[in-house]
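Remarks on the structure that follows.
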Amino acid sequence: MTIDQTAGHDSLRARLAEAEETLRAIRQGEIDAFALQDGSSGTQLFTLSGADRPYRMFVENMRDGAATVSASGIVLYANRRLGELLARDLPDLIGSPVASLVADGDRAAFRAISGRAGPGGTIEVDLLDSGEKRIPVRVNTWTLDVDFAELLCLTFADLTEQNAQKHEIDRLGRAQAARMRELEYAQTALTKQATHDSLSGLPNRMLLVDRINQSLAHANRSQTSTGLIFLDLDLFKEINDAHGHAAGDSVLREVAERLVGAVRPMDTVSRLGGDEFVVLLPALKTSLDAVAVGTRITAALEVPIAHGQGVVSVTASMGIAVSDHTLTESELDPERLLAQADTAMYFAKSLGGSHTELFDGSTPHALKAEPDNWVAVIREALDEERFLLYAQPIVELATGAIVQEELLLRMRDSEGNIIPPLAFLPTAERCGLISEIDRWVITEATRLAASGRALSVNLSAGSAGDLGMLSLIERQLRKHGTDPGNLVFEITETAVMQNVDRARLFAEYMVGLGCQFALDDFGTGFASFTYLKRLPVQYLKIDIEFVRDLSRSDRDMSVVKAIVALARDFGQRTIAEGVEDEQTAEVLRRLGVDLAQGYLFGRPRPIAEAAGPGPGDHHDVRSRSRPASRSGT
């Protein structure tokens, strides 16, 4: 080695020793370092002058971490925030490769952006703290020329809280989306439930009435007629009793398929519930066309029906009603046509079953269908006091006690025959006579309730919106000395929807008097949850559509469960309508329904005959045999 070489090595060793001493001083906090340039010419350390102290103070107090890095990637400077972020002492950071601070999976992307000249860029990576915990940060980079060195400046914005908020927002968004899907599914299910029978999949009464309306309107324009076939299976109760409900359901589904196969493509087969079906026959030329369809249905049912436990033979009683194509627009009434077909079916059944009867003026117990005649008959019945009240018990499911009786209206014709409400109430509502009928019912109900009977009274939509009716109720309560708490006034959900504000005022006034208020047919109006909180309701009466097949329908169980939960949240009690067997009653008990009514607990009876079991009397339903499947009002 030459003398010059020896001198060169000594100079290099001196420089390195100086650099190491300076780096030690930086790590110990004795001096402020700004930049370190290392290269073939040696190692050059730059320190902050006194004039640069404000810069140091600014950087040290930044919310984000900051660092200055040499061209070869060595950390020359780090502020206090970066040390806190990584839970590392600042002297440990100085002199470390900046890439070593970045999690393995992000290093390649980090090197790519930190190697750019000029403004640099932004990237989100994970840093590793002293405990190898990942810290999400947003890194901003840019290059800076200082004296003879090109430095890389970096800031590190902590994204931990921001990401947590984003994740929470995403979680809430996913939860909201899931909730919306659930609500959409529930709405679809409720819409389907509201228009179709869950057992057979056929249209139910609501959809049937809508299609009858359309058919009548079209028939009136096209000078054709609309026909209805009301069909009731004979001795269906015996099939259920002998073979069980599963076999009965199988028979009903097979009957539904055969009915669809026996009618025209344009016809509608619907199931009203139990063993009742109605076939809508639009665009008929004569009544004989309807009779021909009835004949095909009879033939379709002649073949025995197989089920899981054997084979059964099924017959049906059918009533046929056909509209007059000369009716005016105001005379088109689907309920009247249904009542006519129903009346004809009853007459067919009274002949021993397996009969078909065509409704006309000679059908026993049937009134002529002309509206003018109906109006005269209703007025005559009012004048001659030929209306009468029936009562049906409402039972507390948990105890079997009769806690209320629902009053049900009937009318006698001039020959003393009992006319069901479906036959005359639609005309009474259309012709403005329903208010007079409601006044008679209210007067009788307050008189009967004065004896201590707890009675539930149905009000029409018009009366529930008639604030003048309130004065009558108040007068009758005073006249008879009736305890207002003995009266529960019922109005249907669809009636409330006609005028929610007036219904609310009406209900609030009645509750103020001490009476109670029930929302009938709950679940069929599609807007129940929206306005329910606005009404002072003590009872929700679950519509029979959700009760009839409850023990065999998961969808119905879900709907009833939701109604019970809703009622409890609002401090209301629930009443199930149309309970016909103990199996359904047990499901209702399990779901938490409070009260129930139906043939299982008692059929409607004239009010005088129903006076025996008073409110609170025990009613042991378990000892009763299952009644016939047909329900009525």
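Here the sequence shown stands for residues 2 to 634, where the numbers follow my numbering. Ideal placement from N, C-alpha and C gives every residue a C-beta, glycine not left out.
Exposure label - residue i; buried when at least 16 CB within 10 Å
{"i": "Pro305", "result": "exposed"}
{"i": "Ala67", "result": "buried"}
{"i": "Phe571", "result": "exposed"}
{"i": "Val256", "result": "buried"}
{"i": "Gly106", "result": "exposed"}
{"i": "Ala586", "result": "buried"}
{"i": "Ser351", "result": "exposed"}
{"i": "Leu184", "result": "exposed"}
{"i": "Ile419", "result": "exposed"}
{"i": "Thr428", "result": "buried"}
{"i": "Ala317", "result": "buried"}
{"i": "Ala109", "result": "exposed"}
{"i": "Arg476", "result": "exposed"}
{"i": "Gln517", "result": "buried"}
{"i": "Thr287", "result": "exposed"}
{"i": "Lys534", "result": "exposed"}
{"i": "Gly515", "result": "exposed"}
{"i": "Arg454", "result": "buried"}
{"i": "Leu229", "result": "buried"}
{"i": "Asn164", "result": "exposed"}
{"i": "Glu610", "result": "exposed"}
{"i": "His219", "result": "exposed"}
{"i": "Met181", "result": "exposed"}
{"i": "Leu273", "result": "buried"}
{"i": "Asn221", "result": "buried"}
{"i": "Tyr540", "result": "buried"}
{"i": "Lys480", "result": "exposed"}
{"i": "Tyr186", "result": "exposed"}
{"i": "Gln188", "result": "exposed"}
{"i": "Asp502", "result": "exposed"}
{"i": "Ala247", "result": "exposed"}
{"i": "Asn459", "result": "buried"}
{"i": "Val312", "result": "exposed"}
Residue i at chain B interface by Cβ criterion, 7 Å
{"i": "Gly401", "result": "No chain B is part of this structure, which consists of one protein chain only."}
Beta-bridge partners of residue i, as assigned by DSSP
{"i": "Arg254", "result": "Paired residue(s): none; Arg254 is not in a bridge."}
{"i": "Arg139", "result": "Glu125, Ala158"}
{"i": "Met267", "result": "Per DSSP, none; premise fails for Met267."}
{"i": "Gly320", "result": "Phe231, Glu358"}
{"i": "Ala390", "result": "The residue you asked about is not Ala; residue 390 is Leu in the sequence shown. For Leu390, which the question treats as bridged, DSSP gives the partners Leu410."}
{"i": "Phe278", "result": "Leu232, Arg272"}
{"i": "Tyr78", "result": "Thr69"}
{"i": "Asp146", "result": "Glu151"}
{"i": "Pro98", "result": "Ile75"}
{"i": "Glu397", "result": "Leu596"}
{"i": "Ala261", "result": "Per the sequence presented here, residue 261 reads as Val, with Ala not at that position. In the DSSP output, where bridge partners are listed per residue, Val261 has none listed."}
{"i": "Phe226", "result": "Note that residue 226 is Ser in the sequence shown, not Phe. Paired residues: Leu285."}
{"i": "Ile443", "result": "None, per the DSSP bridge assignment."}
{"i": "Val458", "result": "Phe490"}
{"i": "Val378", "result": "None; Val378 has no bridge partner."}
{"i": "Val103", "result": "Leu128"}
{"i": "Ile420", "result": "Met412"}
For residue j and residue i, believed in contact at Cβ under 8 Å, the rounded distance
{"i": "Val521", "j": "Ile492", "result": "Sequence inspection shows Asp at residue 521; the Val mentioned does not correspond to that position. Right, the Cβ-Cβ distance comes to about 6 Å (below 8 Å), so this counts as a contact."}
{"i": "Ala284", "j": "Thr225", "result": "5 Å"}
{"i": "Leu456", "j": "Leu488", "result": "6 Å"}
{"i": "Arg413", "j": "Ala392", "result": "Contact doesn't hold; Cβ gap of about 17 Å is too wide."}
{"i": "Ser552", "j": "Gln598", "result": "Rounded, the Cβ-Cβ distance is 17 Å, inconsistent with contact."}
{"i": "Gln499", "j": "Val538", "result": "In fact, because the Cβ distance is near 17 Å, the residues do not count as touching under 8 Å."}
{"i": "Leu87", "j": "Leu128", "result": "6 Å"}
{"i": "Ser464", "j": "Ser436", "result": "6 Å"}
{"i": "Val580", "j": "Phe602", "result": "7 Å"}
> Is it a yes or a no for the segment 396-408 touching the segment 429-438, going by three-plus beta-carbon pairs under 8 Å?
Replying inline: no
> Which full runs of the alpha helix (DSSP H) of 4+ residues lie inside the segment 150-219, going along the chain?
Replying inline: 161-196
> Which parts of the segment 284-315 are runs of the alpha helix (DSSP H), unbroken and 4 residues or longer, counting only runs that do not cross its ends?
Replying inline: 288-302
> What runs of the beta strand (DSSP E), each 3 residues or longer, lie entirely inside the segment 536-614?
Replying inline: 540-543, 574-577
> Counting pairs of Cβ atoms below 8 Å between the segment 285-299 and the segment 262-272, do you hit three or more?
Replying inline: yes
> Counting pairs of Cβ atoms below 8 Å between the segment 376-393 and the segment 332-340, do you hit three or more?
Replying inline: no
> Taking three-plus beta-carbon pairs below 8 Å as touching, is the segment 236-254 in contact with the segment 169-185?
Replying inline: no
>> Using 8 Å as the cut-off, can you tell me whether the segment 132-147 makes contact with the segment 90-100, which would need three or more C-beta pairs spanning the two stretches below that distance?
In response: no
> Quick one: complete alpha helix (DSSP H) runs, 4+ long, within the segment 468-531?
Replying inline: 470-481, 494-499, 501-514
> With contact counted as at least three CB pairs below 8 Å, one residue from each stretch, are the segment 77-94 and the segment 162-169 in contact?
Replying inline: no
>> Quick check: the segment 203-210 against the segment 495-514, are at least 3 beta-carbon pairs closer than 8 Å?
In response: no
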